[in-house]
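To start, the structure itself, in structure tokens.
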Amino acid sequence: MFLIDFILHIDQHIFSMANSVGNWTYLLLFLIIFIETGAVILPFLPGDSLLFAAGALAANPNMSFSALIFGVGFFFASFLGDYCNFMIGRHCGYGLVNHKFLGRFIKEENIKNAEKYFEEKGAAAIILGRYIPIVRTFVPFVAGISQLPPAVFVKRAFIAALSWSLIATGSGYLFGNIPFVKAHFSTIILAIVFVTLLPMIISGIKSMKKK
């Protein structure tokens, strides 16, 4: 599967992209992060691992990319993506979920997981959900369906996008080019994915025990 290979070897793919398209890399990565949450139907796109790899790319002395531009770009991409997602949920809601074609891309199980997470954490789920793959795509949508006041959503989405972009990109910039990290990049990416999915796994186990 190309997507799995892309995620596991994202550093190599981004490096090849950067050599091919130069500064257009900023725009391409911006669009990937924006679409991950903004499009609602594409929750499987890489998020945390992409930011980490981009930070490592910016720290590479052989490349001419700016970690600051990446960080600012990812902040706007994630914030605007979340806001678009929220507005789609607010105005379309379950009409989109029940759509004959688009509904195929939105699994009801993911919606229910996001609803449960939102109910448990409240408005804080908007911040915490940003750090969990798949959940971060559906929490803004569920927040929109629940008719959460836009002002409340925007404040938390701003904090979530800012902290996520700084932490993930900054980590890649600081640690991405350490020889050990470079040699075990695929393993570290898997670890990042596992750690970010851990809260959802624990929640699922607790639900199974209750049942």
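Just so we're aligned, residue 25 is where the sequence shown starts under our numbering, counting upward by one.
Every residue gets a Cβ at the ideal spot worked out from N, C-alpha and C, and that includes glycine.
Drop a sphere of 10 angstroms on the beta-carbon of residue i, count the other beta-carbons inside from all chains shown, and report buried for 16 or more, exposed for fewer.
i	result
P85	exposed
I202	exposed
S44	exposed
F218	exposed
S40	exposed
G46	exposed
A175	exposed
F204	exposed
Would you kindly check if the distance between the Cβ of residue j and the Cβ of residue i is under 8 Å?
i	j	result
A78	G196	yes
I151	I112	no
F165	A101	no
F54	A185	no
A167	Y107	no
L241	G95	Residue coverage of the chain in this structure runs from 25 to 235, which leaves residue 241 outside it and unanswerable.
For residue i and residue j, what's the separation of their Cα atoms in angstroms?
i	j	result
W48	F89	11 Å
I169	T211	37 Å
Y155	G117	23 Å
N109	F142	15 Å
L51	G146	33 Å
Q36	G153	28 Å
Which of helix, strand or coil does DSSP assign to residue i?
i	result
I156	coil
A63	coil
C108	helix
M87	coil
L172	coil
H208	coil
Quick test of your reading: residue i and residue j, contact by CB under 8 Å. State the CB separation rounded to the nearest angstrom.
i	j	result
A192	F76	6 Å
L81	A42	6 Å
G200	A83	6 Å
G97	P157	Rounded, the Cβ-Cβ distance is 20 Å, inconsistent with contact.
Using beta carbons (cut-off 8 Å, strictly below), is residue i in contact with chain C?
i	result
K136	The question asks about chain C, but that chain is absent: this structure has only one protein chain.
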